[in-house]
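A short worksheet on the structure shown next.
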């Protein structure tokens, strides 16, 4: 699971803007945001850089 949706909402950023910055389609980014698919680590790192946050802030731990 990832926290892309929460971070976008916290920062007031639209999925369309992120898709444009990533050079990906809206549908691809929406899949990441809705956790229907997980981005590769390289893409997750690129998203973190675009959003100016640590990559760890985009990841939800599976550990309790």
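Numbering (the numbering used here), first residue to last: 3 to 66. For each residue, glycine too, the CB sits at the ideal point set by N, CA and C.
Might you give, ordered along the chain, the residues of its own chain that have their beta carbon closer than 6 Å to the beta carbon of residue i, omitting 5 neighbours on each side?
i: residue 41; result: 34
State the start and end residues of the unbroken alpha helix (DSSP H) segment that holds residue i.
i: residue 23; result: 17 to 24
i: residue 35; result: 28 to 35
i: residue 7; result: 6 to 13
i: residue 47; result: 43 to 53
To which residues of the same chain is residue i closer than 7 Å at the C-beta, ignoring the five residues directly before and after it?
i: residue 6; result: 34, 35, 49, 60
i: residue 57; result: 46, 47, 50
For residue i, which of the options has the nearest alpha-carbon?
i: residue 19; options: 46, 31, 8; result: 31
With DSSP as the reference, identify every bridge partner of residue i, one or two as the case may be.
i: residue 61; result: 4
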